[in-house]
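Engineer:
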Amino acid sequence: MQDRPDPDALLQRIQQEQAQQQRGRLKVFFGACAGVGKTFTMLSAARAAQAQGLPVTIGVVETHGRADTEALTAHLPRLPLRALPYKDRTLPEFDLDAALAWGAANPEGLVLLDELAHSNVAGSRHPKRWQDAEELLAAGIDVWSTMNVQHLESLNDIVSGITGIRVWETVPDQFFDAADEVVVVDLPPDELLARLKAGKVYLPQQAERAAANFFRKGNLLALRELALRRTADRVDDEMRAYRRASTTTAEAVWPNREALLACVGTGDNAEKVVRSCARLAAQLDLPWHAVHVETPEQQGHSATLHPQVERTLKIAQQLGAAACAVLPAAKPAQALVRYAREHNLVRVVMGRSTRRWPWQATLAEQIGQSASDLDLLQVGTLPSRSADTTERKTTRTSTAAPRAAFWPGYIAAALACCIAAVIATPLANVLELTNIVMLFLLVVVGVALRFGRGPAIMAAFLGVGFFDFFFVPPRFNFAVSDAQYVVTFAVMLVVALVVGQLTAGLKVQAEAATDREHRVRSLYDMARDLSAALLPEQVAEIGARFITGEFSAGSTLVVADDDNRLQVLPGGNAPVDMAVAQWAFERGEPAGRGTDTLHSSPTLVLPLKAPMRIRGVLVVAMPQGQVPGVEPRRLLQTCASLLAISLERIHYIDVAQKSTVQIESERLRNSLLSAISHDLRTPLASLVGLAESLAMVQPPLPAHQQELTGAIQQSAQRMSALVNNLLDMARLEAGAVQLNKAWQPLEEVVGSALAASAPAIAAHRVEVTLPDDLPLLQIDAVLMERVLVNLLENAAKYTPADTTIHISAQPQSDAVALTLTDEGPGLPKGREELLFEKFERGARESATPGVGLGLAICRAIVQAHGGSIRGDTIHNAQGQPTGARFTLLLPRGTPPTDLGDDADA
């Protein structure tokens, strides 16, 4: 009968397929190094896709001056790049918002993103280009990109060791593996070096430098091997995923890529099997697995794993086994074959075994009969050595205690058979012999249920003997008068043995299922309690309760704060060695008891690995210094994962609450400022008007009264400007300001700003340098004038009199840079960005009037226009500050064309 498919696996596969259908498709052109033709191949494929009617656009492509590559971009549309300031210049960068808008308008569209590992300029939405690609894919937009093998995160250190050059721009392996398609662009090293010498990879000066350092033939060969191997690993993963998803192809092993399976038994030869498999895997450079099949008989002898098996699996982990597993199964051969086919393991390495009975097949023969597609390698046994005597004695001593507990079962089996014989003796003349046989069979079933397989076998033989001695004529001896009773004895013995075996096996399996159900229920209860926890202390209490109930062990939770400092949560009952805890936290690996690191520690320390980061460590103190086995360790790892996820959930709940409070505080403050500003505008306007009226009365006021009137007027105007700033800031943040954009010459905006701020900058010189070829800008002239007025007033307030304020502009490819510099003390070091926040000033306590809203309003207005503003300090050759510089980047557009008389014609 074929196994039914797992409904949970089917549901998960359906959900994954639905999620995949909503995402875009990622295609990566993968190469060993620069110059192999990744960008050229991508552009060629893109033009072919365009010829088939697929909408294609270039998000960003780096041609590096290669004419043949540049020619391929001629007929492909491009998205405009976004200009971002970087130090003293501006750099073009990929415009993610423009790509998202283009993708929304072209549902079947394809965006080309060259150099997937590229680091974006500061100020971009994401620090890495692969994160831009991830957002495009999440929006359902297909992406094609390129990358080299040295940019893979897992191979970065290997490549740096080969080439001697560390590459800092990397792409996570998880993102690369999630690509829908990977195209390997390969070129032999000799051809690549010829291209380098011909100037087809870099410019001549760069080519000479590259040939002497990175582009050496040995480096290219090693990088080529890494690229091909990494691609082969990915294809192998895809093949195994296909086999798991298919219901018909997993019935046989596909020898497309060899892998080894080491069978771990309970004998002294198990370690040799593992070591031989590890050596063979190292020689052939193959992955390998180590598996032990735990039969119901072994489960019945002890609740823990056999010491020899546990030690051997630990050795397998140290020797680099890709996976170590314990499979509970009644038939080891079937379990091994099923595991080998699920993981596509071609060769099975096992110890040499002998038959217990002539008719009983060995494990190797059973595997060979059920799976002819598997290769079997049998490892020979070594002669016993005196050095192993002590270890074997120790093993026997450690296993003798559990077996001693089974002798009461044999005694009980003998007593049960005696009692059955005593009960049946008075009924010998009443019941048929067949009914008496049933009575002894019932005893065998009861003994098997209560005491297991061994006592059941003994009860079967005793039952046959008692039946022959007490009930079969001639009675009270073992002689048989009728040969038919021999058949009865044989059938009775066989039935008793089979029933006893089946009953004992079902008993062990039921007990194992009960134990698994208990563990699952405990984990479920723990997860349910953790879902309701709101404090880290509650998480620690729940974890301690689970570990105490399951292992009778103590535990302590040590969590990391925002600065990665470990703190012990109260309520723990396990001693904490902070050195061991810090080591496990920093490296994300278990340490302490039962591990290879700091194994002398009395506690086991497990890192709390959450999806985003390591949240701390779990310290477990096993009773009487015991070392947890494979299954307990796996259960502890699951517990640690649940605790880590719960701690991360609590952390983000706290972050969300703080963000909500901050948002509400901002909203309340803006509402308050808006209300106050509206209420103050009318009396302030009246106060300014009255002060101006007093200054114009006839006859004129005395000199000291005119001075007072002027002071009142200036103070009222400053207060009016402050209230206007508060009101404008509240309106900008509330989104109530509608931009009245029009195509304006920048010269007019600068001129009107100079006129409006003339009283404030009267004591300063102003130099304006605007080139004649400045394009028209689509801006709100009133708001942009406000930006320049605020900057000019700031320059006048914070610089000495008789200094010069410079205004200049420079057109760029997709923006216009407007710069205002002064000759003052510059901006406070380290607070350049902070000055653009609300209510931030250059000095906390200053006699200069203001509340710190001018620059915040400037940034809000500029960002509403799709631009950016930044400030920095100018230094002279000696490194001393000589002034401040504010740079505005305003996006260029395509102004309307005035055709004049030609249009009328």
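Residue numbers (our numbering): 51 to 955.
Think of the CB as a built atom: it goes at the ideal place given N, C-alpha and C, for glycine as much as any other residue.
As the structure is a prediction and not an experimental result, all values here were calculated from the model.
Whose C-beta lies closer than 6 Å to the C-beta of E165 among residues of the same chain, with five residues either side of it excluded?
Structural biologist: Counting only Cβ-Cβ distances below 6 Å, and skipping sequence neighbours, we find E112.
Engineer: Cβ of P657 within 7 Å of Cβ of V670?
Structural biologist: It is not a contact, given that the beta carbons lie outside the stated cut-off.
Engineer: So, is D565 buried or exposed, given that buried needs 16 or more other C-beta atoms within 10 angstroms?
Structural biologist: D565 comes out exposed.
Engineer: Does the CB of F520 have a neighbour CB from chain D at under 7 Å?
Structural biologist: Annotation note: the requested chain D is absent from the structure, which comprises a single protein chain.
Engineer: Restricting to Cα atoms, I'd like to know which of P586, T598 and Q674 is closest to I703.
Structural biologist: Selected option, being the one with the closest Cα: P586.
Engineer: Nearest to E196 by CA position, among T89, A248 and L104, is which residue?
Structural biologist: According to the sequence provided, residue 196 is Thr. The question's Glu does not apply to it. Ranking the options by Cα distance to T196, first place goes to T89.
Engineer: Would you please state the rounded distance, in angstroms, between the beta carbons of G865 and L751? I believe it to be under 8 Å.
Structural biologist: Rather than Gly, the amino acid found at residue 865 in this sequence is Ala. Incorrect: roughly 53 Å between the Cβ atoms, too far for contact.
Engineer: Locate the beta strand (DSSP E) running through V667, then write down its first and last residues.
Structural biologist: Note, V667: beta strand (DSSP E), I664 to A671.
Engineer: Nearest CA to the CA of A509: which residue from D283, W338, S204 and G459?
Structural biologist: For the residues D283, W338, S204 and G459, the minimum Cα distance to A509 belongs to G459.
Engineer: Taking only three categories from DSSP, how would you classify A955?
Structural biologist: The predicted model places A955 with a pLDDT of 35, which falls under 50 and marks its position as unreliable, so this point remains unresolved.
Engineer: On a Cα-Cα basis, can you pick out the residue from L395, V655, S651 and L744 that is closest to E16?
Structural biologist: Residue 16 cannot be examined here, being either before or after the span of the chain that is shown, 51 to 955.
Engineer: Give the list of continuous alpha helix (DSSP H) stretches no shorter than 4 residues that lie fully inside the segment 496-552.
Structural biologist: List check, alpha helix (DSSP H) in window: 503-520.
Engineer: State buried or exposed for C327, treating a residue as buried only when at least 16 other CB atoms are found within 10 Å of its CB.
Structural biologist: C327 comes out buried.
Engineer: How is W218 classed by DSSP in three states: helix, strand or coil?
Structural biologist: Reduced to three states, the DSSP call for W218 is coil.
Engineer: Can we say the segment 209-217 touches the segment 181-194, given the rule of at least three CB pairs closer than 8 Å?
Structural biologist: Short answer: they don't touch.
Engineer: Alpha carbon to alpha carbon, what distance is there between P809 and S802?
Structural biologist: Each residue's Cα considered, the two are about 13 Å apart.
Engineer: State the Cα-Cα distance for the pair L134 and D922, rounded to the nearest angstrom.
Structural biologist: When rounded, the distance between both Cα atoms is 15 Å.
Engineer: Taking its Cβ as the centre, do 16 or more other Cβ atoms sit within 10 Å of N170, making it buried, or is it exposed?
Structural biologist: So N170 counts as buried.
Engineer: Note down the Cα distance separating P505 from V472, rounded to an integer number of angstroms.
Structural biologist: About 20 Å.
Engineer: What separation, rounded to the nearest whole angstrom, lies between the Cα atoms of E468 and L512?
Structural biologist: Inspection of the sequence shows that residue 468 is occupied by Cys rather than by Glu. About 9 Å.
Engineer: Please report the straight-line C-alpha distance between L956 and K659, rounded to a whole angstrom.
Structural biologist: In the structure displayed, the chain extends from 51 to 955; residue 956 sits before or after that span and is not available.
Engineer: According to DSSP, simplified to helix, strand and coil, what is R935?
Structural biologist: Strand, per DSSP.
Engineer: Looking at K708 and the ligand NAD, is the gap between the Cβ and the nearest heavy atom below 6 Å?
Structural biologist: Of the ligands one can find in the structure shown there are none, so the ligand NAD has no counterpart to examine.
Engineer: DSSP on T944, reduced to helix/strand/coil?
Structural biologist: Three-state result, T944: coil.
Engineer: Name the one or two DSSP bridge partners that N840 has.
Structural biologist: The partner list for N840 (beta bridge, DSSP) is empty, contrary to what the question assumes.
Engineer: When the Cα of L363 is compared with those of I713, T404, E321 and Q767, which residue comes out closest?
Structural biologist: When each option's Cα is compared against that of L363, the closest is E321.
Engineer: Indicate whether the contact test is met: 3 or more Cβ pairs, each with one atom in the segment 377-391 and one in the segment 694-710, closer than 8 Å.
Structural biologist: No, the segment 377-391 is not in contact with the segment 694-710.
Engineer: Quick one: residues in its chain with C-beta nearer than 8 Å to the C-beta of L824, no 5 flanking neighbours on either side, listed in chain order?
Structural biologist: Within the same chain, L824 has close Cβ partners P795, L796, E797, A859, P861 and V866.
Engineer: Can H814 and T853 be called in contact, C-beta distance under 7 Å?
Structural biologist: Yes, the Cβ-Cβ distance between H814 and T853 is below 7 Å.
Engineer: Comparing alpha-carbon positions, which option in D318, Q333 and V78 lies nearest R284?
Structural biologist: It is V78.
Engineer: Considering only C-alpha positions, which residue in the set R245, D240 and G874 is nearest to D118?
Structural biologist: Ranking the options by Cα distance to D118, first place goes to R245.
Engineer: Which one or two residues does DSSP pair with W793 in a beta bridge?
Structural biologist: DSSP, once it has assigned bridges, lists Q828 as partnering W793.
Engineer: Which of helix, strand or coil does DSSP assign to H925?
Structural biologist: Three-state result, H925: strand.
Engineer: What residues are listed by DSSP as bridge partners for P861?
Structural biologist: P861 is bridged to V866.
Engineer: Closest to R128 by C-alpha separation, out of G153, F539 and R116, would be which residue?
Structural biologist: Residue G153 is the option with its Cα nearest to R128.
Engineer: Give the secondary structure of P452 by DSSP, where H, G and I count as helix, E and B as strand, and everything else as coil.
Structural biologist: Low per-residue confidence applies at P452: pLDDT is 41, beneath 50, and the placement is therefore not dependable, though the value from the model is reported in the following sentence. Correct three-state label for P452: helix.
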